[in-house]
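Adding 8 to a residue's 1-based position in the sequence shown gives its number in this note's numbering. Glycine included, every Cβ here is placed at the ideal spot set by N, Cα and C. Each remark here refers to the structure printed beneath this line.
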Amino acid sequence: MKSKAREFENFSHAMRQLLSVPHAEVKAKLDAEKAAKKRKKSRKSSASGRA
9 MKSKAREFEN
19 FSHAMRQLLS
29 VPHAEVKAKL
39 DAEKAAKKRK
49 KSRKSSASGR
59 A
């Protein structure tokens, strides 16, 4: 039974660390990913490349 309690403690600790990340940091990373996707999407390959 102790192993289950320890497992739950490990899970709780991981969740606390995950949720302690500031919102601004998460938003900045998401915005950077969106900008990268937009740049990648705007490049169009030639029609012969798709055939």
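Going by C-alpha positions, residue 16 is about 10 Å away from residue 10. For the pair residue 18 and residue 29, the Cα-to-Cα distance works out to about 18 Å. In the displayed model, residue 11 falls within a helix according to three-state DSSP.
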